[in-house]
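A short write-up of the structure that comes next.
In full-length UniProt numbering, the protein residues as written are 1 to 286.
Here it is as structure tokens:
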């Protein structure tokens, strides 16, 4: 057993398509654990056969996860390590495992991440959309009203929006994206790391037309990435109010840094922006 012979739950990322993406560490640990908790044992069985491994498995999915906690905890208490895998990618990321990890961590058990493939990260890395900030929303609601409601809540967010979507709902989701977000730029990633990996770029309406022309573009699981909303224009009244406040504080001898902090706290906005304005006001008064 690895890592100082301490029984551990290894949260193991598995390939999202290309089997060469499995790390050597992940392959080794899958062969060392006493049991593998798999979202679908048939799917994981194919991976194990590819690796030439024969390891006991048990299913762990959304319908039985809570019931598996005691069984797997007993294994850890007995000194046996366990691997947790999903069908593809990193467990817990829109896949089962959260309940198990939460409960075992609360009991003081050792949880070890074994990083690897993750569809949303792989998609973002090649999409050409801003990645300094993004919001991952998993799967949008299946029904139209719920989906549009969620999109309306996110419409003003300025960071890149990321969703997962299935092939049988992708057209409906694109229709709702066009309705709620208009002409905003989208990138769809499908069949990641597989033979027919494809990135589609355009507005939601444009991508719907491409799918009508080429029905093959509806196949596979999707990562949907949407450009964030444009930055909101500054409220001129707030700027005027802020400058008046800062001018009064500067006249009382308050330092520029403190003035900017007060303006940011009272009126909102970035402290560095108010600092630049306060400095400009001070310079003009000299």
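Cβ coordinates follow ideal geometry from the N, Cα and C atoms, glycine included.
Closer than 8 Å by C-beta to residue 193: which residues in its own chain qualify, once you throw out the five before and the five after it? Chain order, please.
Residue numbering aside, residue 193 sits at position 193 when the chain shown is read from its first letter. For residue 193, where only same-chain residues beyond five positions count, the Cβ hits under 8 Å are 15, 16, 17, 18, 21, 117 and 122.
If you follow the alpha helix (DSSP H) that residue 32 is part of, which residue opens it and which one closes it?
What you label residue 32 is simply residue 32 of the chain shown in a count that begins at 1. It spans 24-32 - the alpha helix (DSSP H) in which residue 32 sits, taken as one unbroken run.
Buried or exposed, going by whether 16 or more other CB atoms sit within 10 Å of the CB of residue 258?
Position 258 of the chain shown, counted from the start, is the residue given in the question as residue 258. The residue in question, residue 258, is exposed, as its Cβ has fewer than 16 Cβ neighbours within 10 Å.
Less than 7 Å between the beta carbons of residue 33 and residue 82, yes or no?
Here the question's residue 33 lines up with position 33 in the chain shown. Here the question's residue 82 lines up with position 82 in the chain shown. A contact, by the Cβ cut-off of 7 Å.
If you check the beta carbons only, do residue 87 and residue 39 fall under 7 Å apart?
Here residue 87 is taken as the residue at index 87 of the chain shown, counted from 1. Here residue 39 is taken as the residue at index 39 of the chain shown, counted from 1. Closer than 7 Å, so yes.
Quick one: any contact between the segment 92-107 and the segment 63-76, if contact means 3 or more CB pairs under 8 Å?
The segment 92-107, when compared against the segment 63-76, does touch it at the 8 Å Cβ threshold.
Do you know how far the Cα of residue 57 is from the Cα of residue 365?
Because the chain is modelled from 1 through 286, residue 365 falls outside the range shown and cannot be assessed.
Answer yes if the segment 127-146 comes into contact with the segment 204-211, meaning at least three C-beta pairs across the two stretches below 8 Å, and no otherwise.
Taking 8 Å as the limit for Cβ pairs, the verdict is that the segment 127-146 does not touch the segment 204-211.
Taking DSSP as the reference, what is the three-state secondary structure of residue 14?
Taking the first residue of the chain shown as position 1, residue 14 is located at position 14. Three-state DSSP puts residue 14 in a strand.
Given that a residue counts as buried once 16 or more other Cβ atoms are within 10 Å of its Cβ, and exposed if not, what is residue 89?
As a working mapping, residue 89 is identified with position 89 in the chain shown. Answer is buried; the Cβ neighbour count reaches 16.
Can you tell which of 84, 70 and 229 has the C-alpha that lies nearest to the C-alpha of residue 152?
Position 152 of the chain shown, counted from the start, is the residue given in the question as residue 152. It is 229.
Sort 197, 276, 195 and 227 by Cα distance to residue 178 and report the nearest one.
For the purposes of this step, residue 178 is taken as the residue at position 178 of the chain shown. Of 197, 276, 195 and 227, the residue nearest in Cα terms is 227.
Please identify the residue among 171, 129 and 125 whose C-alpha is closest to the C-alpha of residue 142.
Translated into the one-based positions of the chain shown, residue 142 becomes position 142. Comparing Cα-Cα distances from residue 142 to each of 171, 129 and 125, the minimum goes to 171.
Could you tell me whether the segment 23-37 touches the segment 125-134, using the rule of 3 or more Cβ pairs below 8 Å?
No, they do not touch.
Which complete alpha helix (DSSP H) runs does the segment 52-136 hold, if anything under 4 residues is left out?
For the segment 52-136, whole alpha helix (DSSP H) runs of length 4 or above, ordered along the chain, are 65-77, 98-106 and 119-127.
Got a sec, what are the start and stop residues for the alpha helix (DSSP H) residue 259 sits in?
Position 259 of the chain shown, counting from 1, holds the residue named residue 259. Here the alpha helix (DSSP H) through residue 259 covers 256-267.
Quick one: what's got a C-beta closer than 7 Å to residue 267's C-beta in the same chain, skipping five residues either side?
Translated into the one-based positions of the chain shown, residue 267 becomes position 267. Here the set comprises 238, 241 and 242.
Less than 6 Å between C-beta atoms, sequence neighbours within five positions excluded: which residues of the same chain meet that for residue 156?
Along the chain shown, read from residue 1 onward, the residue named residue 156 stands at position 156. Correct list, in chain order: 229.
What are the start and end residues of each continuous alpha helix (DSSP H) run of 4 or more residues lying completely inside the segment 202-256, in chain order?
For the segment 202-256, whole alpha helix (DSSP H) runs of length 4 or above, ordered along the chain, are 204-213 and 236-251.
Pick from 43, 279 and 174: whose alpha carbon is nearest that of residue 251?
Against the chain shown, residue 251 aligns to sequence position 251. The shortest Cα separation from residue 251 among 43, 279 and 174 belongs to 279.
Am I right that residue 111 and residue 47 are in contact with their C-beta atoms under 8 Å? What's the rounded C-beta distance?
One-based indexing of the chain shown puts residue 111 at position 111. One-based indexing of the chain shown puts residue 47 at position 47. That pair is no contact at about 22 Å.
To which residues of the same chain is residue 79 closer than 7 Å at the C-beta, ignoring the five residues directly before and after it?
Here residue 79 refers to the residue found at position 79 when the chain shown is read from its first residue. Once the five neighbours on either side are set aside, the close Cβ partners of residue 79 are 7.
Report the option in 207, 37 and 61 whose CA atom is closest to the CA atom of residue 73.
Counting from one through the chain shown, the residue named residue 73 turns up at place 73. Nearest C-alpha to residue 73: 37.
Could you give the distance in angstroms between the alpha-carbon of residue 249 and the alpha-carbon of residue 134?
Within the chain shown, the letter at position 249 stands for residue 249. Within the chain shown, the letter at position 134 stands for residue 134. Approximately 37 Å between the Cα atoms of the pair.
So the candidates are 176, 275, 185 and 218; which of them puts its Cα closest to the Cα of residue 196?
Walking along the chain shown from the start, residue 196 turns up at place 196. The shortest Cα separation from residue 196 among 176, 275, 185 and 218 belongs to 218.
Could you tell me the boundaries of the alpha helix (DSSP H) in which residue 153 lies?
Indexing the chain shown from 1 puts residue 153 at position 153. Where residue 153 is concerned, the enclosing alpha helix (DSSP H) stretches over 144-154.
Closest to residue 191 by CA distance: which of 202, 137, 174 and 224 is it?
In the chain shown, residue 191 corresponds to position 191, counting from 1. Closest by alpha carbon: 224.
Tell me, please, which residues DSSP counts as bridged to residue 38.
Taking the first residue of the chain shown as 1, we reach residue 38 at position 38. Paired residue(s): 59 and 85.
In this structure, how does DSSP classify residue 190 when only helix, strand and coil are distinguished?
Along the chain shown, read from residue 1 onward, the residue named residue 190 stands at position 190. If DSSP states are grouped into helix, strand and coil, residue 190 belongs with the strands.
Quick one: residues in its chain with C-beta nearer than 7 Å to the C-beta of residue 231, no 5 flanking neighbours on either side, listed in chain order?
On the chain shown, residue 231 is found 231 positions in, with the first residue counted as 1. Here the set comprises 158.
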